[in-house]
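Order-wise, the sequence lines are chains Z and U.
Position one of the first sequence corresponds to residue 1 (my numbering), numbered consecutively onward.
Position one of the second sequence corresponds to residue 1 (my numbering), numbered consecutively onward.
I have placed the structure first, in the form of structure tokens, so that the comments after it can refer back to it.
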Amino acid sequence: GDSVTQMEGPVTLSEEAFLTINCTYTATGYPSLFWYVQYPGEGLQLLLKATKADDKGSNKGFEATYRKETTSFHLEKGSVQVSDSAVYFCALMHQGAQKLVFGQGTRLTINP
Amino acid sequence: GAVVSQHPSWVICKSGTSVKIECRSLDFQATTMFWYRQFPKQSLMLMATSNEGSKATYEQGVEKDKFLINHASLTLSTLTVTSAHPEDSSFYICSASGSAGNQETQYFGPGTRLLVL
């Protein structure tokens with residue numbers, strides 16, 4: 001069945017550092033790929049998404065590129081801020097379906 | 001916009017009792033609501049999908065008589081954990097999709113932490 005694997009956390013970085021959170025998936029066909037973020041005490045929020053190969057999703061300085069050849073959707077940000085501290089979830093969904101399949105989440109802490 | 005609330009945010013109950021968790025879409029009509037369960041350091045696992053006015057569709061391995069889901073209106077879905085046992089202790093999260101954004105976008109509640117003693 002479909003699955004999503006994220007790099008193990010927690011990840012701790014200093015402010016202005018470069019961030020990469022790896023995400024790979026296993027799925028049939030061409031699913032849509034998502035990154036969700038969960039800030040402390042809040043629900044998951046959609047951060048960005050990509051619906052086809054080579055698409056790049058971007059939002060709030062974060063980017064992720066849909067790589068079909070490596071079945072990956074790594075999340076990157078060039079310069080992180082303390083306010084980026086949160087749990088990040090990678091997920092996939094087959095188009096036309098509504099079922100999201102999540103990775104296990106990666107906790108990110110940014111120190112000033 | 002597109003806010004989803006859950007109540008309560010946490011609950012402690014005795015083994016054998018039933019617990020009801022509410023999920024509300026505050027500013028949009030939720031034609032579809034989803035219930036997830038999350039164990040510590042694990043991913044969210046979809047338990048069931050419910051459409052307003054219809055019976056919920058449960059994922060494989062989820063006991064429908066144990067986890068009762070009602071989606072009686074376009075703004076409210078409830079999850080009732082019946083005869084709760086310690087192994088039901090978990091973090092339960094709902095999401096909703098509908099008139100806010102496209103049908104593919106789910107808006108998530110903040111979750112309800114259940115502890116069964």
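Note that the Cβ used here is the ideal one computed from N, Cα and C, for glycine as well.
Check, Outcome
"Contact check, Z:E16 vs Z:V80 under 8 Å by CB: the rounded distance?", "7 Å"
"Nearest to Z:A97 by alpha carbon, out of U:C94, U:R24, U:L26, U:E104?", "U:E104"
"Evaluate Z:K77 with the Cβ neighbour count: other Cβ atoms within 10 Å of its Cβ, from every protein chain shown; 16 or more gives buried, anything less gives exposed.", "buried"
"In angstroms with no decimal places, state the Cα-to-Cα distance between U:R113 and U:C94.", "12 Å"
"DSSP three-state call for Z:V87: helix, strand or coil?", "strand"
"For Z:Q98, which residues in chain U fall below 9 Å Cβ to Cβ?", "T32, F34, T49, S97, Q103, E104, Q106"
"Taking the alpha-carbon positions, what's the U:R37 to U:M47 distance?", "7 Å"
"Taking Z:M93 as the query, report the chain U residues whose CB atoms sit under 8 Å from its CB, ordered along the chain.", "E104"
"If you measure between the beta carbons of U:G109 and Z:G57, is that distance less than 8 Å?", "no"
"Taking Cβ-Cβ distances below 7 Å as the criterion, which residues of the stretch 3-28 of chain U are in contact with chain Z?", "V4"
"Within 10 Å of its beta-carbon, does Z:Y30 have 16 or more other beta-carbons around it, so buried, or fewer, so exposed?", "exposed"
"In angstroms, rounded to a whole number, what distance separates the CA positions of Z:L13 and Z:N111?", "6 Å"
"Can you confirm whether Z:L44, when its beta carbon is compared against all beta carbons of chain U, has any partner nearer than 8 Å?", "yes"
"Quick one: which chain Z residues come within Cβ less than 8 Å of U:G109?", "G43"
"Taking only beta-carbon positions, decide if U:L46 is within less than 8 Å of chain Z.", "yes"
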